[in-house]
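Student: Sharing a structure here in structure tokens format.
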Amino acid sequence: MKQGRSERVVVTAIAWALGLLWVLPLLYAIWTATHPPQYLARLDLFAPLTLENFVRVWNAAPFDRYFVNTFMLIAFVVICQFVICTLAAYAFAVFPFRGSEALFMLVLIQMMVMPEVLLVRNYATISRMGLLDTIPAIALPYLASAFGIFLFRQAFKSVPKELDEAARMEGAGPLQVLWRVYVPLARPTYLAYGLVMVAYHWNNFLWPLVVTNSASTRPVTVGLQVFSTVEQGIDWPTVTAATLLSVAPLLVAFLIFQRQFVQSFMRAGIR
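For the sequence shown, our numbering begins at 7 and goes up steadily by one.
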């Protein structure tokens, strides 16, 4: 009993230490962004708080436009991925055909190809299509996902066949069965996948940087990089304020939905 208790104490102490190590940069960013520049490297509990850095950031760059572009991009990508990956996974899981397993293996090979490998080829394709410096140009390479197809296929294969057969006996067509049987039962998987994709495309940087040239199409990650690139040095209070603005929506969403986030991944993993 004493040995088990001591082990739990050690594990708890290590977990707290790792948690503190993870949160220290965030705490420093909050301190720097909410205090005058003279307190950048000085810890003074009685230092005056200020929101001037956030006001200066918001007025110095079109962050409102950056946020709108990011929301539009994420909504477009996630909705298209849900539709395309759902239909592909439904075909692989419910309508097997000769060579379907080999075709599914070819789809999974995409997961081993890093997006950066196709950067030049994708840029040439988008350029020939005349879509450079547009939100669809950012979204097109991500409209289908091998990971999403794999995840939804595994969720659909866990659905009892009796429910499928009962729906078909009631006269439901293939799409009705998909919408009324498979999709509701795979809801935790959809939630888990959607949360991952929102976080990924919110933080995606390299491809949007390559295909965007104006503030009217830049997402918030590229806008933050352009804002923080100055020739006369870096103003850390404004940079940290801009960084907090860019990560705040994701951070607030995670704090609000962290229980659903963890539960959805647990259910998706069990299936």
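Heads up, the beta-carbon is just placed ideally off N, CA and C, and yes, glycines get one too.
The model shown is predicted, which means the values in this text are computed figures rather than measured ones.
For my contact list, Ala221 and Val63 are in at a C-beta cut-off of 8 Å; report their separation, rounded to the angstrom.
Tutor: So it is not a contact: roughly 14 Å between Cβ atoms.
Student: Quick test of the definition: if touching needs 3 or more C-beta pairs under 8 Å, does the segment 157-171 touch the segment 183-195?
Tutor: Yes: the two stretches touch, three or more of their Cβ pairs being nearer than 8 Å.
Student: Looking at Phe98: is its Cβ nearer than 8 Å to the Cβ of Phe110?
Tutor: Going by C-beta atoms, Phe98 is nearer than 8 Å to Phe110.
Student: Could you pull the start and end residues of the alpha helix (DSSP H) that Gln231 belongs to?
Tutor: Here the alpha helix (DSSP H) through Gln231 covers Val226 to Ser234.
Student: Use the C-beta contact count for Arg278: other C-beta atoms within 10 angstroms, 16 or more gives buried, fewer gives exposed.
Tutor: Because the chain in this structure spans residues 7 to 277, residue 278 falls outside the shown range and cannot be described.
Student: Which residues in the same chain have their Cβ closer than 7 Å to the Cβ of Phe156, if we skip the five residues on either side of it in sequence?
Tutor: Within the same chain, Phe156 has close Cβ partners Leu114.
Student: Can you find at least 3 beta carbon pairs, one from the segment 65-78 and one from the segment 150-164, that sit closer than 8 Å?
Tutor: The segment 65-78 vs the segment 150-164: no contact.
Student: Would you call Pro194 buried or exposed, if buried means 16 or more other Cβ atoms sit within 10 Å of its Cβ?
Tutor: Label assigned to Pro194: buried.
Student: So, using beta-carbon positions, are Thr249 and Leu230 closer together than 8 Å?
Tutor: Taking 8 Å as the Cβ cut-off, Thr249 and Leu230 qualify as a contacting pair.
Student: Who are the Cβ neighbours of Leu138 in its own chain at under 7 Å, not counting the five residues just before and after it?
Tutor: Correct list, in chain order: Ile132 and Val217.
Student: Which residue wins for smallest C-alpha separation from Glu58, given the options Phe73, Val74, Ala39 and Ser106?
Tutor: Closest option to Glu58, Cα to Cα, is Ala39.
Student: What residue range does the alpha helix (DSSP H) around Asn75 cover?
Tutor: From DSSP, the alpha helix (DSSP H) with Asn75 extends over Phe69 to Val100.
Student: If we ignore side chains and look at the alpha-carbon of each, how far apart do Arg104 and Met120 end up?
Tutor: Using only the alpha carbons, I get a separation of about 29 Å.
Student: Residues in its own chain within less than 7 Å of Ile276 by CB, not counting five upstream and five downstream?
Tutor: Low local confidence applies: a pLDDT of 47 at Ile276 is under 50, so the model's placement there is unreliable, and no value is given.
Student: Would the segment 194-208 count as touching the segment 71-83 if we require 3 or more Cβ pairs under 8 Å?
Tutor: Cβ pair count under 8 Å is three or more, so yes.
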